[in-house]
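A.B. asks:
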Amino acid sequence: MVGASDSHPDIHWPSGFSPDQAHGFCQAQAVVHAPPATAFSLLSGVERWPEWVPGVSEAHAGALPGGFVVLFHGHRFEICVGEEVPYSRLGWSGVGAGVQLYQAWLLTAVAGGTHVVTENVVRGPAARSLNASAPLWTQRLNALWLAQLKRLSESAPGGV
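For the sequence shown, the numbering used here assigns the number 1455 to the initial residue and increments by one for each residue that follows.
(1) May I ask you to report which of helix, strand or coil DSSP gives A1488?
(2) Where DSSP assigns a beta bridge to Q1593, which residues make up the other side?
(3) Can you confirm whether the stretch 1514-1534 touches the stretch 1592-1601 when touching is taken to mean that 3 or more C-beta pairs between the two stretches lie within less than 8 angstroms?
(4) Do the stretch 1551-1570 and the stretch 1506-1516 meet, that is, are 3 or more Cβ pairs less than 8 angstroms apart?
(5) Check this for me: beta carbons of R1577 and H1462, under 8 angstroms apart or not?
(6) Quick check on A1511: buried or exposed, where buried means 16 or more other Cβ atoms within 10 Å of its Cβ?
(7) Using a Cβ-Cβ cut-off of 7 angstroms (strictly less than) and excluding sequence neighbours within five positions of P1490, which residues of its own chain qualify?
(8) In this structure, what does DSSP give as the bridge partners for H1514?
(9) Between the C-alpha atoms of R1530 and G1550, what's the straight-line distance to the nearest angstrom?
(10) Quick check: what's the CA-CA separation for P1508 versus T1592?
(11) Count the other CB atoms within 10 Å of the CB of P1579; is the residue buried (16 or more) or exposed (fewer)?
(12) With H, G and I counted as helix, E and B as strand and the rest as coil, what does DSSP make of V1507?
(13) Between the beta-carbon of H1487 and the beta-carbon of A1558, is there less than 8 angstroms?
(14) Considering only residues of the same chain and omitting the five flanking positions on each side of V1571, which have a CB-CB separation below 6 angstroms?
(15) Cα separation between L1545 and E1537?
Put into structure tokens, the structure is as follows:
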């Protein structure tokens, strides 16, 4: 089981959202055989998430600049981008469905493509409950999201 000590050292956590302060933490990583710009474009293209992100049925711009709204498994989440460094880093915080979360993405160019790391910190009563009843659920979801990102990045024009 992945724990807080397994967090990638280059992930930037906002105050109150480090893995050791979480009710749930998960990580997934893979090498995507495509340039960092391809994977970054998919991740930052929020309006297209319903086409490929598991559990997302709606995604659109929010009321505030840099914010968006996501309907995830029928629950509404208000999301605010906390970090965006083109082609290398993305991070967003969200509130909804009894949880607060922060999801970070780190993309690093490597021979043959991009090493992608994603980590999630989740806090709140729903996170505690889910962690107790289905501790591997979030890990599987993260792995599926990353598998979809890999598949789409590698099939995009200009893939490695």
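The C-beta atom is built at its ideal place from N, Cα and C for all residues, glycine as well.
C.D. replies: On the basis of the data shown:
(1) In the structure shown, A1488 adopts coil according to DSSP, grouped into three states.
(2) None; Q1593 has no bridge partner.
(3) no
(4) no
(5) no
(6) The sequence shown places Ser at residue 1511, not Ala. Exposed is the call here.
(7) Y1541, S1542, L1561, A1563 and T1568
(8) Answer is V1523.
(9) 6 angstroms
(10) 11 angstroms
(11) exposed
(12) coil
(13) no
(14) H1462, Q1483 and L1560
(15) It is worth fixing the name first, because residue 1545 is Gly in this sequence and not Leu. Approximately 5 angstroms, taken between the alpha carbons.
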